[in-house]
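Right, one structure below, let's go through it.
There are 2 protein chains.
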Amino acid sequence: MTDAHPVTGLDDVVHQRVRLGILTITHEARRVEFGYLRTQLQLTAGNLSQHLGVLETAGLVEIEKGYEGKRGRTWITLTPAGNAALAEEIGRLKLLIARVEEGFTA
Amino acid sequence: MTDAHPVTGLDDVVHQRVRLGILTITHEARRVEFGYLRTQLQLTAGNLSQHLGVLETAGLVEIEKGYEGKRGRTWITLTPAGNAALAEEIGRLKLLIARVEEGFTA
């Protein structure tokens, strides 16, 4: 359909609130530890793991397990596809915002 | 928590892709017909009804049933709370975009 609204172009994998948070924070930090994401996003470990799984399956993040001293750590980085997907989402949000703001001033 | 990320301030009722679409289109058009929303958002009637129900329960839209000739029609408008919630979402998205874009140019 050619008359669909720009919002139909948003991808739920990326747009969903928690996943958008994961992508944004990981993008900012380049590489983040699981516990840091949990604190920043105020999530349970299970909930964060589930959303990371969705992003990993979609090829948007890479998850590495390792150690810091004796403590197990999980590190998350964005893949090039993850960076591209975030940039795409931001581009679409800007179009959406422009349309809404036209409405507020009209 | 004071160190939470701005994304935690996003409200799922408003941020969810389809509902953000409903609010944006209704805001643009001031008053929209159910069938128009369906076409624009490429949804089934059941799916659209479900999301409209969430927005109505939250007090963000008003739903009126009436007739156009002999055909039943359902009209949707934003409430003042719906307008405010959309403006709030847009404000938060702009903060998020600013943070992401700093990262892309850094």
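Protein chains in written order, with full-length UniProt numbering: chain A, 1 to 106; chain B, 1 to 106.
From the three backbone atoms N, C-alpha and C, an ideal C-beta is built for every residue, glycine too.
The structure presented is a predicted model; accordingly, all values stated were derived computationally and were not measured.
Once the 5 residues before and after residue i are set aside, which same chain residues still bring their CB inside 8 angstroms of it?
i	result
B/Arg31	Trp75, Ile76 and Thr77
A/Asn47	Val18
B/Glu101	none
B/Val14	Leu20, Leu23, Leu60, Ala85, Leu86, Glu88 and Glu89
Using a Cβ cut-off of 9 angstroms, pull out every chain A residue sitting near residue i, in sequence order please.
i	result
B/Thr74	The premise fails here: B/Thr74 is roughly 18 angstroms from chain A at the closest Cβ pair, so nothing lies under 9 angstroms.
B/Thr24	His5, Pro6, Val7, Leu96, Arg99, Val100 and Gly103
B/Leu41	Ala4, His5, Val7 and Thr8
Considering residue i, what are the terminal residues of the alpha helix (DSSP H) in which it resides?
i	result
A/Val7	Per DSSP, A/Val7 belongs to no alpha helix (DSSP H) and is neither H nor E.
B/Gly35	Phe34 to Leu41
Counting only the same chain and skipping the five closest in sequence on each side, list residues whose C-beta sits under 7 angstroms from that of residue i.
i	result
A/Gly21	Leu41
At what residues does the beta strand (DSSP E) containing residue i begin and finish?
i	result
A/Leu78	Arg71 to Leu78
A/Gly21	Taken as a continuous stretch (DSSP letters only), A/Gly21 belongs to no beta strand (DSSP E), being part of the alpha helix (DSSP H) at Arg17 to Ala29.
B/Gly53	No beta strand (DSSP E) contains B/Gly53, which is instead part of the alpha helix (DSSP H) from Ala45 to Thr57.
In chain B, which residues lie with their C-beta within 7 angstroms of the C-beta of residue i?
i	result
A/His27	Val100 and Gly103
A/Arg17	Val7, Leu10, Asp12 and His15
Tell me, to the nearest whole angstrom, how far the beta carbon of residue i is from that of residue j; I am working on the premise that it is less than 8 angstroms.
i	j	result
A/Gly72	A/Leu23	Incorrect: roughly 24 angstroms between the Cβ atoms, too far for contact.
A/Gly103	B/Glu28	5 angstroms
A/Leu52	A/Thr79	So it is not a contact: roughly 13 angstroms between Cβ atoms.
A/Asp12	A/Ala85	Incorrect: roughly 12 angstroms between the Cβ atoms, too far for contact.
Taking Cβ-Cβ distances shorter than 9 angstroms, what residues in chain B pair up with residue i?
i	result
A/Gly21	His5, Pro6, Val7, Thr8, Leu10 and Leu96
Interface residues of chain A around residue i at Cβ under 8 angstroms?
i	result
B/Gln50	None at all; the shortest Cβ gap to chain A is about 15 angstroms.
In the region 88 to 101 of chain A, which residues sit with their C-beta less than 8 angstroms from some C-beta in chain B, listed in chain order? Ile90, Leu93, Lys94, Leu96, Ile97, Arg99, Val100 and Glu101
Can you pull out the residues from the region 59 to 72 of chain B whose beta carbon lies closer than 9 angstroms to at least one beta carbon of chain A? none
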